[in-house]
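One structure is given here, and the rest of the page talks about it.
Numbering (the working numbering), first residue to last: 996 to 1535.
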């Protein structure tokens, strides 16, 4: 790399800091929208800790739009490996409860897909395997540059640009950027540069997470395969299959005031399995589960996304997946401003839309975590009728609390921007829950999915920017096309036969680039110019 003086400037378009899932998704989205994007990552290599192990249905829909879903679904667990969750006294002990979910092969085969609420069900894939797929794709996208081993040192904001001072192996230079997005995790340099702090609960649980290679463990699990085994020994443990064979992750939870330094990871594994197993420890992480949301999601020309904006206990992979949602929202907004068909004030809506979602997710995730770590009677380990009764009672509780956590349709399809200044006709809504959503279009919500006659999803026919869906062919859409052309707003018109009146109950639906409904109504319900100004942030 050429040497630069600290005062020499390189132009970088939009700078993304952090090459995790949120940063890579945002960078890919921006570049595909024709926005020059530069991504810097401090580490030379990807982390070896598996971290998140689930990609949600909504994230998979976002990856479908980016052309990545099929490659991602080919990675992770073997296609025939069950995505089930088992609750057992120990791995070798008694089964208490189970949730059976389709494998990747089942999803790829499309069994029962006519009943799916999405074209892309969730996928069990460790972040170890997800990030390489994203980065390989990112390296092929024109207009996107990735620099590993490059660390952000300082940000200097100006009225019309941001100067980012970065260091690459001792060489310091300045990147002149239109905008900067910090996707650099819980210890975000970008957030610290902005002086933004987290707010919330700083300690929910302490954890010891042990990543091991153990062919013997794989052989034991093969007797009754599952993606995750919850076990209830001295401590509650979740034993997660990473590759469906020899790689395993053992999460063990402790109270927030418990010092885990004296906890032996190998003993914790024995307790989860119920017997010693031969294994090689690949990594041990002692960490604290939190529920925190940033005070603000940005300042000026600098924004936060992913763990830099919110961190919470990693139940169900919600943190990573919420970061991917952040990227989908911020990506189209930045592109609209950069291409000149929306004003910079549009970007104010990013925090107004995503921060309330982050706060509500934080509460829902905390509730889900508490249900999983509820008191468990030691009687579940007893032999005979007393043990059976205790396990049956516990199974009844698990049946109430667990299914929504592992099929969290509310998380994927029920979050919304009904109160956004960019949404017309949004109504007050109940708090987001993990399980609840409505398969009926509403302003601010994700457009509900349907399969078309040619086996495509409705998502596959949406344009890259705004789309006007017409369910009544008698409605004249020329005024919309003309008004959008006059304002330079990219608009695709898609005709859908009026076959889904319960799902699409109006003649017209205006869908945003992130697949959320901006407005819906009839031909006489809209003052088109005013509406287009509102949804693009240029309030009349």
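The beta-carbon is built from N, C-alpha and C at its ideal position, and this holds for glycine as well.
Suppose you measure from the CA of residue i to the CA of residue j; what does that come to, to the nearest Å?
i	j	result
residue 1421	residue 1436	11 Å
residue 1017	residue 1121	15 Å
residue 1516	residue 1503	5 Å
residue 1260	residue 1209	14 Å
residue 1428	residue 1193	22 Å
residue 1326	residue 1381	56 Å
residue 1165	residue 1146	10 Å
residue 1340	residue 1023	23 Å
residue 1008	residue 1249	45 Å
residue 1216	residue 1084	14 Å
residue 1529	residue 1098	43 Å
residue 1239	residue 1213	7 Å
residue 1076	residue 1162	44 Å
residue 1448	residue 1109	12 Å
residue 1282	residue 1033	31 Å
residue 1061	residue 1134	14 Å
residue 997	residue 1005	In this prediction, residue 997 scores a pLDDT of 38, lower than 50, which makes its location untrustworthy; the coordinate-derived value is nonetheless stated afterwards. Distance between the alpha carbons of residue 997 and residue 1005 is about 12 Å.
residue 1499	residue 1411	17 Å
residue 1453	residue 1206	40 Å
residue 1234	residue 1391	22 Å
residue 1270	residue 1114	42 Å
residue 1001	residue 1190	For residue 1001, the pLDDT reaches just 46, beneath the cut-off of 50, and the residue's location in the model is therefore unreliable, although a value from the coordinates is still provided. Their backbone Cα atoms lie some 23 Å apart in a straight line.
Which partner residues of residue i appear in the DSSP bridge assignment?
i	result
residue 1452	1446
residue 1286	1196, 1307
residue 1038	Paired residues: none, contrary to the question.
residue 1328	In the DSSP output, where bridge partners are listed per residue, residue 1328 has none listed.
residue 1293	1298
residue 1536	With the chain running from 996 to 1535 in the structure shown, residue 1536 is simply not present.
residue 1081	1093, 1224
residue 1462	1487, 1506
residue 1205	1245, 1279
residue 1183	Per DSSP, none; premise fails for residue 1183.
residue 1033	1010, 1140
residue 1441	1511
What residue range does the beta strand (DSSP E) around residue i cover?
i	result
residue 1152	1145-1152
residue 1087	Per DSSP, residue 1087 belongs to no beta strand (DSSP E) and is neither H nor E.
residue 1534	Element bounds for residue 1534: n/a, residue is neither H nor E.
residue 1065	No beta strand (DSSP E) contains residue 1065, which is instead part of the alpha helix (DSSP H) from 1064-1069.
residue 1168	1166-1177
residue 1234	1231-1236
residue 1024	Taken as a continuous stretch (DSSP letters only), residue 1024 belongs to no beta strand (DSSP E), being part of the alpha helix (DSSP H) at 1016-1027.
Report the three-state DSSP secondary structure of residue i (helix, strand or coil).
i	result
residue 1386	helix
residue 1404	helix
residue 1049	coil
residue 1372	coil
residue 1345	helix
residue 1280	strand
residue 1111	coil
residue 1256	helix
residue 1312	helix
residue 1211	helix
residue 1527	helix
residue 1516	strand
residue 1006	strand
residue 1191	coil
residue 1511	strand
residue 1118	strand
residue 1334	coil
Comparing C-alpha positions only, which one of the options sits nearest to residue i?
i	options	result
residue 1036	1025, 1057, 1050, 1010	1010
residue 1460	1216, 1531, 1111, 1008	1531
residue 1136	1028, 1444, 1297, 1284	1028
residue 1178	1076, 1275, 1316	1316
residue 1057	1446, 1322, 1253	1322
residue 1038	1015, 1059, 1511	1015
residue 1182	1289, 1379, 1312	1289
residue 1072	1234, 1055, 1048	1048
residue 1487	1477, 1493, 1494, 1496	1477
residue 1202	1388, 1445, 1256	1256
residue 1342	1350, 1314, 1334, 1296	1296
residue 1403	1078, 1432, 1088	1432
residue 1445	1102, 1055, 1112, 1052	1112
residue 1344	1416, 1406, 1279, 1336	1416
Which residue comes first and which comes last in the alpha helix (DSSP H) that contains residue i?
i	result
residue 1481	1473-1482
residue 1104	1099-1104
residue 1157	No alpha helix (DSSP H) contains residue 1157, which is instead part of the beta strand (DSSP E) from 1157-1163.
residue 1132	1122-1133
For a cutoff of 9 Å on Cβ pairs, would you count residue i as touching chain C?
i	result
residue 1505	Here chain C cannot be found, since the structure has a single protein chain.
The ligand FMN and residue i: does the residue's C-beta get closer than 8 Å to at least one heavy atom of that ligand?
i	result
residue 1414	The model depicted lacks the ligand FMN and carries no ligand whatsoever.
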